[in-house]
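306 is the number that the numbering used here gives the last residue of the sequence shown; the numbers go up by one with no jumps.
Below is one structure; the comments refer to it alone.
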Amino acid sequence: MTPILFIEQVLNGLQFGVMLFLMAAGLTLVFGVMGLINLAHGSLYMVGAFAAAAVAGATGSFLLALMAALTAAAAAGALVELVVIRRLYARDHLDQVLATFALILIFSEGTRWAFGSFPLFLDLPGYLSGPVTLPGGIEYPLYRLTLIVTGLVIAAGLFWLISGTRLGIRIRAGESDREMIAALGVDISKLYTVVFALGAALAGLAGAMVGAIQSVQVGMGEPVLILAFVVIVIGGIGSIKGALVGALLVGLTDTLGGLLLPEVFKLFMETSAASSTGSALASMLIYILMAGVLIWKPQGLFGGQT
């Protein structure tokens, strides 16, 4: 394995990680502030991807497609919170799981009815196509590099929103003591709707941006949702910092594990099954990482921190 290949895979892991962060950030906000287990978060990711693909196909504008993804996912999130989620805050987690699982089925069948069962494809604009030459002569796809930079900028903006704005103060207060801020005159229902819509918008944006790399299809959000849950368990529920660190750890572990473990097993096992054994273990690495973090810190790396 060459150093250039290793660096390319590190960048791929960072790109995967920042996209997971966009999913996990909204999920950890909703769970941390509202105490709600939202299995339908992956469906909002899918809504953003389909909205972007539809608008890009109709207008040819990638920027309009991203705006459509943000708008559609935020609107769908706000609607879901107003119509369904608002009735679940006082219910136990089993009711929340069952209701949001039903939302997955509704979103999946509704999307299939609206767009059909065949995958859609989101074409990259010319100004984001092709490779860019990095220091050391490394050629890396410009769009993937743009995803990394965009994800980190959004992460910085989210940190600022949570720690440096009036809305962020209310979100953190709602996470600590929702009854107290309601008694102080904050409209807790409106705050919950805003938080849910914000989380949905982040998920929809992630779906749109990843949709330009892979096909857009029904059910694409569920595998990402599983990884997002792994991220927030590693990082600590309710922690934006934890979501970012956990997402980067998962992204790098998944990408580099799939690259390095088959090579390691080939060195120590002189059989035809060495590569497949390494690949099988690589697919388990992120769950091994999660188990190790929970043994070391049961609350996650940044549990209890924003």
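Beta carbons: idealized from backbone N, C-alpha and C, even for Gly.
Just so you know, these numbers come straight off a predicted model, no measurement behind them.
Check the C-beta distance from G251 over to G60 and give it rounded, since I have them as a contact under 8 Å.
Between G251 and G60, the beta carbon gap of about 31 Å keeps them out of contact (Cβ cut-off 8 Å).
First through last residue of the alpha helix (DSSP H) which encompasses L225:
G221 to G235
My understanding is that F302 touches G235, with C-beta atoms under 8 Å, so please give their C-beta distance in whole angstroms.
Their Cβ separation, rounded to whole angstroms, is 6 Å, which keeps F302 and G235 in contact under 8 Å.
Below 6 Å CB to CB, which residues in the same chain sit around V10 once its five sequence neighbours on both sides are set aside?
none
Exposure of D317, with buried meaning 16 or more beta-carbon neighbours within 10 Å
Residue 317 is absent from the structure shown; the chain starts at 1 and stops at 306.
For the alpha helix (DSSP H) that L134 lies in, which residues bound it at each end?
First-last for L134: P131 to L134, but that is the beta strand (DSSP E), not the alpha helix (DSSP H).
L44: which of L79, V97, L184 and L88 sits nearest, CA to CA?
L79
Report the three-state DSSP secondary structure of L124 (helix, strand or coil).
coil
What's the C-alpha gap between L370 and A206?
Since the first residue of the chain shown is 1 and the last is 306, residue 370 is not available in this structure.
Please state whether the Cβ-Cβ distance between A200 and H41 is less than 9 Å.
yes
How should E8 be labelled, buried or exposed, when 16 other C-beta atoms within 10 angstroms of its C-beta is the threshold for buried?
buried
Could you pull the DSSP bridge partners for Y140 from this structure?
Answer is V132.
According to DSSP, residues forming a beta bridge with V216:
L120
Helix, strand or coil at Y89 [DSSP, three-state]:
coil
How close, in whole Å, do the beta carbons of S129 and L142 come, if the pair is a contact with beta carbons under 8 Å?
7 Å
In this structure, how does DSSP classify I106 when only helix, strand and coil are distinguished?
helix
Would V33 and L191 qualify as a contact pair, given that the criterion is a beta-carbon distance under 9 Å?
yes
I need the DSSP call for G154, collapsed to helix, strand or coil.
Note that residue 154 is Ile in the sequence shown, not Gly. Helix.
DSSP three-state call for A40: helix, strand or coil?
coil
N- and C-terminal bounds of the alpha helix (DSSP H) containing Q299
Looking at the DSSP string, Q299 is not in any alpha helix (DSSP H), and its letter there is neither H nor E.
Does the segment 220 to 239 come into contact with the segment 288 to 301, if we say contact requires no fewer than three beta-carbon pairs (one atom in each stretch) closer than 8 Å?
yes
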